[in-house]
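Trainee: Please read through the structure below; I'll follow up with questions.
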Amino acid sequence: MFELLFFSLLNGIVTGLLLFMLASGLTLIFSMMGVLNFAHASFYMLGAYFAYTISLYVGFWPGLIIAPILVGLFGALVERYGLRYVHRWGHVAELIFTFGLAFLIEEVVQFIWGKDTKAYHEPEILQFALFTVFGQDFPAYKAFMLLISIGIFIMLLMILTRSRVGLIIQAAITKPNMTAMLGHNVPLVFMGVFGVGSALAGLAGVIAGPALGTFPGMAVVLGSIVFVIVVVGGLGSLGGAFVASLIIGLLQTFAIALDYSVSDLLAVFSITTEADSALRDLWTLSLPQVAPILPYLLLVLILIFRPTGLFGKRET
Amino acid sequence: MSSAIQLNDVRKSFGPTEIIRGVDLDIQKGERHAIIGPNGAGKSTLFHLVSGRYKLSGGHVHLNGEEISNLSPYEIYRKGLSRSFQVTNIFPMMSVFENVRCGLMWSKDYKYSFWHLVDREKELNHRTAAVLEEIGLTSRQHVPAGVLTYAEQRALEIGIASAGGAEVIMLDEPTAGMSHSETDQAIALIRKITEGKTLVMVEHDMGVVFDLADRISVLVYGEIIATDTPENIRNNKAVQEAYLGAEAEDA
Amino acid sequence: MSEIANTQTGEISAPFAKRFGPWIFLAVALIVLPLIFSSNIAVYTMNLMGIFIIFALSYNMLLGQGGMLSFGHAVYFGLGGFMSVHFMNYIEYEVVVLPMFMLPIFGGIIGLVFAIIVGSFSTRRAGTVFAMISLGIGELIAASSLIFVAFFGGEEGVSGDRTMGPVIMDVDFAQDIEVYYLIAAWAFVTIALMYLFSRTPMGRMANAVRDNDERAEFIGYSQRKVRFISFCASGFFAGIAGGLFAINFEIVTEENLNALTSGVVLLMTYIGGVGFFIGPIVGAVVFTLLQTVLSNHTEIWQLYVGVMFVLTVMYVPQGLTGIMAMHIPAYRMKRLSGLVVPYIKAGIPTILMLSGIVSFLEMVHHVRAAALGETMMSLIGIEFDTHTVMPWVISGVLAVVGGYLTKSQMPQLREAWEQANAPLDSGEGASS
Numbered sequence: 002m003f004e005l006l007f008f009s010l011l012n013g014i015v016t017g018l019l020l021f022m023l024a025s026g027l028t029l030i031f032s033m034m035g036v037l038n039f040a041h042a043s044f045y046m047l048g049a050y051f052a053y054t055i056s057l058y059v060g061f062w063p064g065l066i067i068a069p070i071l072v073g074l075f076g077a078l079v080e081r082y083g084l085r086y087v088h089r090w091g092h093v094a095e096l097i098f099t100f101g102l103a104f105l106i107e108e109v110v111q112f113i114w115g116k117d118t119k120a121y122h123e124p125e126i127l128q129f130a131l132f133t134v135f136g137q138d139f140p141a142y143k144a145f146m147l148l149i150s151i152g153i154f155i156m157l158l159m160i161l162t163r164s165r166v167g168l169i170i171q172a173a174i175t176k177p178n179m180t181a182m183l184g185h186n187v188p189l190v191f192m193g194v195f196g197v198g199s200a201l202a203g204l205a206g207v208i209a210g211p212a213l214g215t216f217p218g219m220a221v222v223l224g225s226i227v228f229v230i231v232v233v234g235g236l237g238s239l240g241g242a243f244v245a246s247l248i249i250g251l252l253q254t255f256a257i258a259l260d261y262s263v264s265d266l267l268a269v270f271s272i273t274t275e276a277d278s279a280l281r282d283l284w285t286l287s288l289p290q291v292a293p294i295l296p297y298l299l300l301v302l303i304l305i306f307r308p309t310g311l312f313g314k315r316e317t
Numbered sequence: 010m011s012s013a014i015q016l017n018d019v020r021k022s023f024g025p026t027e028i029i030r031g032v033d034l035d036i037q038k039g040e041r042h043a044i045i046g047p048n049g050a051g052k053s054t055l056f057h058l059v060s061g062r063y064k065l066s067g068g069h070v071h072l073n074g075e076e077i078s079n080l081s082p083y084e085i086y087r088k089g090l091s092r093s094f095q096v097t098n099i100f101p102m103m104s105v106f107e108n109v110r111c112g113l114m115w116s117k118d119y120k121y122s123f124w125h126l127v128d129r130e131k132e133l134n135h136r137t138a139a140v141l142e143e144i145g146l147t148s149r150q151h152v153p154a155g156v157l158t159y160a161e162q163r164a165l166e167i168g169i170a171s172a173g174g175a176e177v178i179m180l181d182e183p184t185a186g187m188s189h190s191e192t193d194q195a196i197a198l199i200r201k202i203t204e205g206k207t208l209v210m211v212e213h214d215m216g217v218v219f220d221l222a223d224r225i226s227v228l229v230y231g232e233i234i235a236t237d238t239p240e241n242i243r244n245n246k247a248v249q250e251a252y253l254g255a256e257a258e259d260a
Numbered sequence: 036m037s038e039i040a041n042t043q044t045g046e047i048s049a050p051f052a053k054r055f056g057p058w059i060f061l062a063v064a065l066i067v068l069p070l071i072f073s074s075n076i077a078v079y080t081m082n083l084m085g086i087f088i089i090f091a092l093s094y095n096m097l098l099g100q101g102g103m104l105s106f107g108h109a110v111y112f113g114l115g116g117f118m119s120v121h122f123m124n125y126i127e128y129e130v131v132v133l134p135m136f137m138l139p140i141f142g143g144i145i146g147l148v149f150a151i152i153v154g155s156f157s158t159r160r161a162g163t164v165f166a167m168i169s170l171g172i173g174e175l176i177a178a179s180s181l182i183f184v185a186f187f188g189g190e191e192g193v194s195g196d197r198t199m200g201p202v203i204m205d206v207d208f209a210q211d212i213e214v215y216y217l218i219a220a221w222a223f224v225t226i227a228l229m230y231l232f233s234r235t236p237m238g239r240m241a242n243a244v245r246d247n248d249e250r251a252e253f254i255g256y257s258q259r260k261v262r263f264i265s266f267c268a269s270g271f272f273a274g275i276a277g278g279l280f281a282i283n284f285e286i287v288t289e290e291n292l293n294a295l296t297s298g299v300v301l302l303m304t305y306i307g308g309v310g311f312f313i314g315p316i317v318g319a320v321v322f323t324l325l326q327t328v329l330s331n332h333t334e335i336w337q338l339y340v341g342v343m344f345v346l347t348v349m350y351v352p353q354g355l356t357g358i359m360a361m362h363i364p365a366y367r368m369k370r371l372s373g374l375v376v377p378y379i380k381a382g383i384p385t386i387l388m389l390s391g392i393v394s395f396l397e398m399v400h401h402v403r404a405a406a407l408g409e410t411m412m413s414l415i416g417i418e419f420d421t422h423t424v425m426p427w428v429i430s431g432v433l434a435v436v437g438g439y440l441t442k443s444q445m446p447q448l449r450e451a452w453e454q455a456n457a458p459l460d461s462g463e464g465a466s467s
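Chains as they are written, first to last, in this note's numbering: chain A, 2 to 317; chain S, 10 to 260; chain Y, 36 to 467.
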């Protein structure tokens, strides 16, 4: 039991921090520009594919730097020539634009790289078990992912709290209209934030690609989960996004690890169920089965009962 | 005469700042009442409180003797109070005709009906045409409301507010931003549509106020410092100091 | 039938032809179409079209009429499909006695019931909150459908047999053409109902709330209730579309209620144009044609659809119907003929450019996807070797020259357009 908890906790944190790398950028974009960027996870996918292609020629490590930069540049271009143009048609059009972009990027990825999963692997020096407890290995690559995520987290924190740019961004999050009056070049800030947010998503893709697989569906798998985090955490709250990322990460790993079903629960209250009733699926429902729906359940509940999210101050 | 709108110690705070600081006001049925005051005095806020857009922080509002404090806007409307907005607030993508007709539908008892066809309802469409005639927009009825000129939008705004035949009509700066001739037309229009009804208006243009109002209330920093006939308000010392004086100096 | 054609609202008794003309035309078209296009593939396509038309129209009750952007509309479509296919099986096993053509009703009812449940909390606000709730519910139901196998049938879905119902007037739905007329009848009725809905006080207020939800409250209407009723009606019609889908394909799977289908309905509605009643109909027809025709000729049709969608959102947010409607003023002034020549002049180079780009993409795809050693491919009947230089050069030249010519034609096109739309009094002498 303890080993289960230990590894679930560790895996949950790895997943959570990875999700935060995506969610932080999305939160920044969402709260500054009011745009829920549906294509955010597509940037994550692009990161993985770029890094894969780069790794074919020069290996894993250069890709770790180059791929996110490329994705960031691409994101900035999308903001400058796409989103800013669509802005004139209103918010709904912006949402639909990013939605269409996500669809298009998936098609383009399939066009360029094909439909099958790419053989994008972790570098060889990281292919060993870092430690073994309770007879179970903890791969070094996961520790590496953990390190990168924590590093990014600290860097973000430093930039946002210690630098001038960070202060402008914080002001823009809480009072979007104020910043323009202060005389800052808001369009440039927007483009920069969009670019950096995309680059972060790209970096997440680079390090997640080898662990979670590099395939055209990888954006869809993570995309909606990241929205859940942003909304659950609360608009304009990076702290909220961080907590929500960890919650969702842990929720998913624990739900998969703990194999209990409804009938187990009922058995505790000594209620027996008929194996053949129409509701049989409900009685045999187990935690690993419901794991994929838990984030969405959380999302809907939060939106109904606390539209500002866990830590947000503004209504979504 | 009985009162149409009664405000008892109405208060509104945004965070720590109190914008409306205990307003008592009694507006009689059939009266044309103007609320004046310097910028930032809280005139529009007071309107929003009465019409249900904002929740009260304290006090009571009565409409025809019935308490309407903190009801939602549509409940207050259904009790017979209709209002216009300072910033033009119409349905921009619908035609002018549709704008007015929507303003009529509830009062004609259609409610949320999805079994009547609006184009078949003779009485509804005749009444709409009549209102359009009144506000002088008949020739523009097929145009999307969003492309009307500013003055036309203001007229439409008044038309939507008055279409339903509410007993109490509140107009928030109906002539703001209009030229002289447009203002004269607007005054005539307001006079016509509020015939026999109760009118409450916020207005900056003193010409309009003294022309239309039976009584005037002066709101300064969230408090009413005087309520009286136009004649007496003009001669009121406190008012002159607090408001008219300042205006005169500006001019 | 468009909004534009219907702003003659002041007149109470429009001429008979004007009021019923479009409907008679629609009815005749629905009856005659399969006589003209009678091949199997044509009937298959038209069946799909009919289903998508209802689905897209129901979606536009939210997006276009009510201002609610939903990312989970397939839920009501899919649930309607599942419910209908279950009833199809009940009929087969004689649990209930019903004619098959009534199945979509049950689809509609479950769509309505779910819309009532979801709408009771999701319609409080429009905008992003509504969009997010719809997305969350969509994912929730799609994920649940893989868990509750008894109702959703798991990965394989639920299938039935539409021919097992009681035979009425010799119709047992064994043939696609019989299903076509069933879908056509349902489409006619639902299109009429949805159109009429938009002309009721409720439908008018849906537009008002879309335009300005706050002001709607000050003329007596609760914005939440207006949205809620629109939402329920929309769920009902989506469920009917799902029921027809079940009859047509005799199988309903998780895919019919997941995010992909929700995305498809958004896509076709938007391409068609959300500002017009007939927009979604145009969108559904065009999308189905693209889907069936393009997918027969190219494997990367979805790429083209994606590009088209993004370009639509960026440059023609009013959709295909909007483009058509833009020509109405010029048509009224009888100046449309002045646009024909500039259109042809700009159109031919555009086609050249597009064919250059498309052939380039197709060749790239062929080089990557074709079996090893297979270097010959054919485009519109022309056979060539993709591993030689010439085809690449030709496609490149086509794209560049076509693009250049298109660009050079643009000023003339713009001038012609402005001339055609100039106000009557000032531009009359010059243009005629």
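Virtual Cβ for every residue (Gly too), placed ideally from N, Cα, C.
In this text the structure is predicted, and so the values were computed from the model without any measurement.
Classify L57 (chain A): buried if its beta carbon has 16 or more other beta carbons within 10 angstroms, exposed otherwise.
Mentor: Stepping through the first sequence from its first residue, residue 57 (chain A) is reached at position 56. Exposed, by the Cβ-count rule.
Trainee: Out of Y:F55, Y:L97 and Y:L92, which has the shortest C-alpha to C-alpha gap to M240 (chain Y)?
Mentor: Against the third sequence, residue 240 (chain Y) aligns to sequence position 205. Among Y:F55, Y:L97 and Y:L92, the Cα nearest to that of M240 (chain Y) belongs to Y:L97.
Trainee: Please confirm if I151 (chain A) has its CB atom under 9 Å from at least one CB of chain Y.
Mentor: In the first sequence, counting from the first residue as 1, residue 151 (chain A) sits at position 150. Not closer than 9 Å to any Cβ of chain Y, the Cβ of I151 (chain A) fails to qualify, so no.
Trainee: So within the segment 104-187 of chain S, which uninterrupted alpha helix (DSSP H) runs reach at least 4 residues, ignoring any that extend past its ends?
Mentor: If we require 4 residues or more, the alpha helix (DSSP H) runs fully inside the segment 104-187 of chain S come out as 105-114, 131-143 and 159-172.
Trainee: Between the alpha carbons of H108 (chain Y) and G238 (chain Y), how many angstroms are there, rounded?
Mentor: Walking along the third sequence from the start, residue 108 (chain Y) turns up at place 73. Walking along the third sequence from the start, residue 238 (chain Y) turns up at place 203. Cα to Cα, the separation comes out at about 19 Å.
Trainee: Can you tell me where the beta strand (DSSP E) holding L16 (chain S) begins and where it ends?
Mentor: To locate residue 16 (chain S), count along the second sequence from 1; it is residue 7. That run of the beta strand (DSSP E) goes S12 to F23.
Trainee: Beta-carbon within less than 7 Å of H1 (chain A)'s beta-carbon, same chain only, minus the 5 sequence neighbours each way: which residues are those?
Mentor: Nothing in the structure corresponds to residue 1 (chain A), since chain A is present only between 2 and 317.
Trainee: Start and end of the alpha helix (DSSP H) containing R245 (chain Y)?
Mentor: On the third sequence, position 210 is the one that residue 245 (chain Y) refers to. Unbroken alpha helix (DSSP H) run through R245 (chain Y): P236 to D246.
Trainee: Tell me, please, whether the CB atom of T163 (chain Y) is closer than 9 Å to any CB atom in chain A?
Mentor: If you number the third sequence from 1, residue 163 (chain Y) lands on position 128. Chain A, which has a Cβ nearer than 9 Å to the Cβ of T163 (chain Y), makes this yes.
Trainee: Less than 9 Å separating the beta-carbons of I97 (chain A) and Y439 (chain Y)?
Mentor: One-based indexing of the first sequence puts residue 97 (chain A) at position 96. One-based indexing of the third sequence puts residue 439 (chain Y) at position 404. Contact: no.
Trainee: Please list the terminal residues of the continuous alpha helix (DSSP H) segment that includes L37 (chain A).
Mentor: Locating residue 37 (chain A) in the first sequence gives position 36, counting from the first residue. Careful: L37 (chain A) lies outside any alpha helix (DSSP H) and carries neither H nor E.
Trainee: For E108 (chain A), decide whether its Cβ has a neighbour in chain Y, counting only Cβ atoms nearer than 9 Å.
Mentor: By 1-based counting over the first sequence, the position of residue 108 (chain A) is 107. Yes, its Cβ sits closer than 9 Å to a Cβ of chain Y.
Trainee: Give the residues of chain Y in contact with V87 (chain A), contact being defined as C-beta atoms less than 9 Å apart.
Mentor: Stepping through the first sequence from its first residue, residue 87 (chain A) is reached at position 86. Within chain Y, the residues near V87 (chain A) are V348, M349 and P352.
Trainee: If you count every other CB in all the chains shown that lies within 10 Å of the CB of S394 (chain Y), and 16 or more means buried, which is it?
Mentor: In the third sequence, counting from the first residue as 1, residue 394 (chain Y) sits at position 359. That one is buried.
Trainee: Please classify I144 (chain S) as buried or exposed, where buried requires at least 16 other C-beta atoms within 10 Å of its C-beta.
Mentor: For the purposes of this step, residue 144 (chain S) is taken as residue 135 along the second sequence, with counting starting at 1. Answer is buried; the Cβ neighbour count reaches 16.
Trainee: Answer with yes or no whether the minimum CB distance from F228 (chain A) to chain Y is below 9 Å.
Mentor: Locating residue 228 (chain A) in the first sequence gives position 227, counting from the first residue. Chain Y contact via Cβ: present.
Trainee: Check each candidate in S:E232, S:I28, S:V152 and S:A195 and name the one with the smallest Cα separation from G168 (chain S).
Mentor: Within the second sequence, the letter at position 159 stands for residue 168 (chain S). Of S:E232, S:I28, S:V152 and S:A195, the residue nearest in Cα terms is S:A195.
Trainee: Please report the residue range of the beta strand (DSSP E) in which G416 (chain Y) lies.
Mentor: Looking up residue 416 (chain Y) in the third sequence gives position 381. Per DSSP, G416 (chain Y) belongs to no beta strand (DSSP E) and is neither H nor E.
Trainee: To which residues of the same chain is W452 (chain Y) closer than 6 Å at the C-beta, ignoring the five residues directly before and after it?
Mentor: As a working mapping, residue 452 (chain Y) is identified with position 417 in the third sequence. So no residue of the chain qualifies.
Trainee: Are the CB atoms of M343 (chain Y) and A319 (chain Y) within a distance shorter than 9 Å?
Mentor: Locating residue 319 (chain Y) in the third sequence gives position 284, where the first residue counts as 1. Locating residue 343 (chain Y) in the third sequence gives position 308, where the first residue counts as 1. In this structure, M343 (chain Y) does not lie closer than 9 Å to A319 (chain Y) by Cβ.
Trainee: Pull up the distance between the alpha-carbon of G416 (chain Y) and that of V436 (chain Y), whole angstroms please.
Mentor: Start at 1 with the first residue of the third sequence, and residue 416 (chain Y) comes out as number 381. Start at 1 with the first residue of the third sequence, and residue 436 (chain Y) comes out as number 401. Answer to the nearest angstrom: the Cα atoms are 23 Å apart.
Trainee: Run through the DSSP bridge pairs and tell me what V209 (chain S) is partnered with.
Mentor: As a first step, residue 209 (chain S) is located in the second sequence; it is residue number 200 there, counting from the start. DSSP lists S:H42 and S:M179 as partners of V209 (chain S).
Trainee: Exposed or buried, V109 (chain S), counting other C-beta atoms within 10 Å across all chains shown (16 or more means buried)?
Mentor: Position 100 of the second sequence, counted from the first residue, corresponds to residue 109 (chain S). That one is buried.
Trainee: From the DSSP output, which residues share a beta bridge with L228 (chain S)?
Mentor: Counting from one through the second sequence, the residue named residue 228 (chain S) turns up at place 219. S:I233, per the DSSP bridge assignment.
Trainee: At a Cβ cut of 7 Å, what residues of the segment 165-191 of chain Y count as close to chain A, listed as they run along the chain?
Mentor: Correct list: A166, M167, I168, L170, G171, I172, E174, L175, A178, S179, I182, F183, V184 and A185.
Trainee: Could you spell out where the alpha helix (DSSP H) holding Q447 (chain Y) opens and where it closes?
Mentor: One-based indexing of the third sequence puts residue 447 (chain Y) at position 412. Residues M425 to N456.
Trainee: Name, please, each residue of chain S whose Cβ falls closer than 8 Å to the Cβ of G255 (chain Y).
Mentor: On the third sequence, position 220 is the one that residue 255 (chain Y) refers to. Near G255 (chain Y) (Cβ distances below 8 Å), the residues of chain S are Y83, Y86, R87, M114, W115, S116 and G173.
Trainee: Can you tell me whether DSSP reads K119 (chain A) as helix, strand or coil?
Mentor: Locating residue 119 (chain A) in the first sequence gives position 118, counting from the first residue. Three-state DSSP puts K119 (chain A) in a strand.
Trainee: So which residues on chain S does G238 (chain Y) lean against when the C-beta distance must stay under 9 Å?
Mentor: The count along the third sequence starts at 1 and reaches residue 238 (chain Y) at position 203. The answer, in chain order, is F123 and V127.
Trainee: Are any of the Cβ atoms in chain Y nearer than 9 Å to that of G168 (chain S)?
Mentor: Translated into the one-based positions of the second sequence, residue 168 (chain S) becomes position 159. Not one chain Y Cβ lies under 9 Å of G168 (chain S).
Trainee: Checking the sheet assignment: what are the DSSP bridge partners for S36 (chain S)?
Mentor: Your numbering for residue 36 (chain S) matches position 27 in the second sequence. In the sequence as displayed, the identity of residue 36 (chain S) is Ile instead of Ser. The partner list for I36 (chain S) (beta bridge, DSSP) reads S:I14.
Trainee: Please classify H71 (chain S): does DSSP put it in a helix, a strand, or coil?
Mentor: By one-based count along the second sequence, residue 71 (chain S) stands at place 62. The answer is strand: DSSP assigns H71 (chain S) an E or B state.
Trainee: Count the other CB atoms, across all protein chains shown, that sit within 10 Å of the CB of H332 (chain Y); report buried if there are 16 or more and exposed otherwise.
Mentor: By 1-based counting over the third sequence, the position of residue 332 (chain Y) is 297. Exposed.
Trainee: From Q447 (chain Y) to P377 (chain Y), what distance separates their C-alpha atoms?
Mentor: As a working note, residue 447 (chain Y) is residue 412 in the third sequence. As a working note, residue 377 (chain Y) is residue 342 in the third sequence. In a straight line, the C-alpha of Q447 (chain Y) is about 7 Å away from that of P377 (chain Y).
Trainee: Report, in whole angstroms, the separation of the C-beta atoms of Y215 (chain Y) and P69 (chain Y), which I expect to be a contact under 8 Å.
Mentor: By 1-based counting over the third sequence, the position of residue 215 (chain Y) is 180. By 1-based counting over the third sequence, the position of residue 69 (chain Y) is 34. With a Cβ gap of about 5 Å, Y215 (chain Y) and P69 (chain Y) count as contacting.
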